[in-house]
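A.B. asks: Right, I'll just put the structure down here and ask away after.
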Amino acid sequence: MGQVRAMHRFARISATKVRPFADMVRGMTASEGLDSLKYIPNRGARFLEKVIKSAMANAEDKGARNVEGLKITEARVDGGPMFKRIQPRARGMAYTIRRRMSHIHVSIDAPELP
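Sequential numbering of the sequence shown, starting at -9, is according to the working numbering.
Written as structure tokens, this is what we have:
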């Protein structure tokens, strides 16, 4: 079976807010990663939790056993497109506001069944 993947594309959160949590769970088992994210009060941790749960469900759907014990091999957060808005400032200037999005990718290593 190899790698089982899940992703959340165009997540309405900036990549810099999710990336520290992806670095934290990379290399852990799926259950350890979920347990460590459970008590973090950040919105980025909720996004990553959902993607890990989705990857676990994908692995189970493909026939993997002991889904909680599978290892998170890849947890990657890339920047996505931006909404660009303009905010008026003093003396006729305009500042751009960038509403950022991100793509969250998680891969779980599921060994081959004999």
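Backbone N, C-alpha and C define an ideal beta-carbon position, used for all residues, glycine too. Since the model is a prediction, treat every value here as computed from it, not as a measurement.
#1: Can Val57 and Ile94 be called in contact, C-beta distance under 9 Å?
#2: For Met83, does the count of other Cβ atoms within 10 angstroms reach 16, so buried, or fall short, so exposed?
#3: Identify, in the order they occur along the chain, each residue of the same chain with its Cβ nearer than 7 Å to the Cβ of Ala49, setting aside the five sequence neighbours on each side.
#4: Under 9 Å, do Gly69 and Ala5 count as touching if we go by C-beta distance?
#5: Would the beta-carbon of Ala47 fall within 9 Å of that of Ala(-4)?
#6: Nearest by alpha-carbon distance to Lys74: which of Ala1, Arg81 and Arg88 is it?
#7: Taking Cβ to Cβ, would you say Gly17 is nearer than 9 Å to Ile62?
#8: Taking only three categories from DSSP, how would you classify Glu64?
#9: For Gln77 and Asp51, what's the separation of their Cα atoms in angstroms?
C.D. replies: Well, looking at it:
#1: no
#2: exposed
#3: Val(-6), Val57, Leu60, Ile98 and Ala100
#4: With respect to Ala5, Gly69 sits close: the two C-beta atoms are nearer than 9 Å.
#5: For the pair Ala47 and Ala(-4), the CB atoms are nearer than the 9 Å cut-off.
#6: Arg88
#7: yes
#8: strand
#9: Using only the alpha carbons, I get a separation of about 47 Å.
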